Amino acid sequence: MPAWITRSETAEDVPAIREIVLAAFPTAEEARIVDALRADPEAWIDGLSMISTTPDGTPAGYALLTRCHVDGEAALALAPCAVLPSFQRTGAGSAAIRAGLDAARAMGENLVLVLGHAGYYPRFGFVPASRFGVRAPFEVPDEAMMALPLDDARPVPTGTIHYPAAFGV
0 MPAWITRSET AEDVPAIREI VLAAFPTAEE ARIVDALRAD PEAWIDGLSM ISTTPDGTPA
60 GYALLTRCHV DGEAALALAP CAVLPSFQRT GAGSAAIRAG LDAARAMGEN LVLVLGHAGY
120 YPRFGFVPAS RFGVRAPFEV PDEAMMALPL DDARPVPTGT IHYPAAFGV
């Protein structure tokens with residue numbers, strides 16, 4: 000298993016990130032979402048688009064955190080997360096996610112939300128968002144909508160998640 004190097008994306012990484020996202024998903028929809036989020040100054044936060052590379056610099060994994068809101072209170076949405084098929088199950092995605100969560104904590108963010116696999120995201124500390132009174136704006140299984148408070152000293156906002164327009168919800 001490679002020792003992953005993680006960092007925020009640079010302009011030079013955009014084509015590689017697009018390749019990672021296109022390879023990881025069955026359609027181009029997630030790549031379109033990343034492009035739209037990157038173009039949305041209200042959603043995009045510099046330093047929270049994370050890439051993981053092998054020691055020789057080969058891009059392998061990606062995780063994106065963008066601004067969303069819970070009934071008017073700022074939060075972050077973790078999506079998409081992607082790994083090149085040849086690097087799946089090697090820790091490339093986990094490394095990018097951990098780097099993103101660490102960067103969000105360092106920026107003073109309070110809450111990260113993810114809609115994803117209930118067997119995967121708890122390893123990072125995510126729990127069902129319903130425990131905090133947070134709900135998606137659409138029907139979703141309770142165990143799939145998850146939240147991770149980043150600052151125990153701050154209250155977690157409650158209410159309905161409002162995603163950036165790029166997500167189309």
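Residue numbers (numbering that gives the first Met the number 0): 0 to 168. Ideal Cβ placement from N, Cα and C applies to all residues, glycine included. None of the values given here were measured: they were computed from a predicted structure.
- Within its own chain, the residues whose Cβ lies closer than 8 Å to the Cβ of Pro136, once the five positions on either side in sequence are excluded, are Thr159, Ile160, His161, Tyr162 and Val168, listed in chain order.
- It is roughly 30 Å from the alpha-carbon of Asn109 to the alpha-carbon of Leu83.
- The Cβ atoms of Gly118 and Leu64 do not sit closer than 7 Å to each other.
- Comparing C-alpha distances from Asp151 to each of Asp12, Glu18, Pro14 and Val111 shows the shortest one belongs to Val111.
- DSSP places Val113 within a strand segment (E or B) once states are collapsed to three.
- About 4 Å separates the beta carbon of Pro156 from that of Val69, a gap short enough to meet the 8 Å contact definition.
- With at least 16 other beta carbons inside 10 angstroms of its own, Glu8 counts as buried.
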